[in-house]
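Chemist: Okay, here's the structure, questions in a sec.
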Amino acid sequence: MRKFKTIFVTMLLAVFLLSGCFSSDKAENIEPNIEPDALTKTSWISYDDGSYWVFNEYHSFFWYQEKGITDDNYYGGTYKLYRGEKAMDFIEKKLSSYGVTKAELMEVINRSDEYTVEDFICIYTKNTTFMLEGKEQISKPNMIPYMGFLLEDETILDIANMKTGSYYGFIKEE
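Rendered as structure tokens:
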């Protein structure tokens, strides 16, 4: 019986490894999700540079360099929103190459009266289009993670691009 258990566990581990369930640093692919989240059907204007971020149904998005100009200078794709503990776990485990730990995130939250675990988010985008001066710039999808906070009754988006370190502040449009 013990030999059978050992073989079974070994085979189970082999199946998981071959199917990619244990991936080191690769975050999961984003599949459109029909369940709405806090960003679904919202629009946000940056108070830093005037850019405009629109989150549509089925977890698609567009970021426009300038509100009102939607035929050039934009990114588009799909996204997945993680919140609270799930966001921290996703960053620490799936995005470990960025070197951000849950302990560090908790330290930031604990030092601030404004931030809570429940407000912490990770927006994981899959950019499938990038139009710049009338020309498509992306030949294959580009994954971009953002982390930060959704504040003041979900009307302020305070985030940083984890690849570039760029900070963005957005106000929700009503």
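Just so we're on the same page, our numbering is the position in the sequence shown counted from 1, plus 4. Note that CB positions come from ideal geometry on N, CA and C, so glycine has one too.
(1) Helix, strand or coil: which one does DSSP assign to S50?
(2) Can you tell me whether DSSP reads V121 as helix, strand or coil?
(3) Under 8 Å, with one C-beta from each stretch per pair, do the stretch 53-72 and the stretch 94-114 reach the 3-pair mark?
(4) Based on DSSP bridge pairs, tell me the residues matched to P149.
(5) Which value, in whole angstroms, describes the spacing of the CA atoms of F174 and W48?
(6) How big is the Cα-Cα spacing for I148 and T129?
(7) Judging by CA-CA distance, which residue of S170, W57 and E39 is the nearest neighbour of G81?
Modeler: Short version:
(1) As a first step, residue 50 must be located in the sequence shown, where it is residue number 46. Strand at S50.
(2) Here residue 121 refers to the residue found at position 117 when the sequence shown is read from its first residue. Correct three-state label for V121: helix.
(3) No: the two stretches stay apart, fewer than three of their Cβ pairs being nearer than 8 Å.
(4) By one-based count along the sequence shown, residue 149 stands at place 145. P149 pairs with Y128.
(5) The residue labelled residue 174 in the question sits at position 170 within the sequence shown. The residue labelled residue 48 in the question sits at position 44 within the sequence shown. When rounded, the distance between both Cα atoms is 6 Å.
(6) What you label residue 148 is simply residue 144 of the sequence shown in a count that begins at 1. What you label residue 129 is simply residue 125 of the sequence shown in a count that begins at 1. Their backbone Cα atoms lie some 5 Å apart in a straight line.
(7) Walking along the sequence shown from the start, residue 81 turns up at place 77. Measuring from the Cα of G81, the nearest candidate turns out to be W57.
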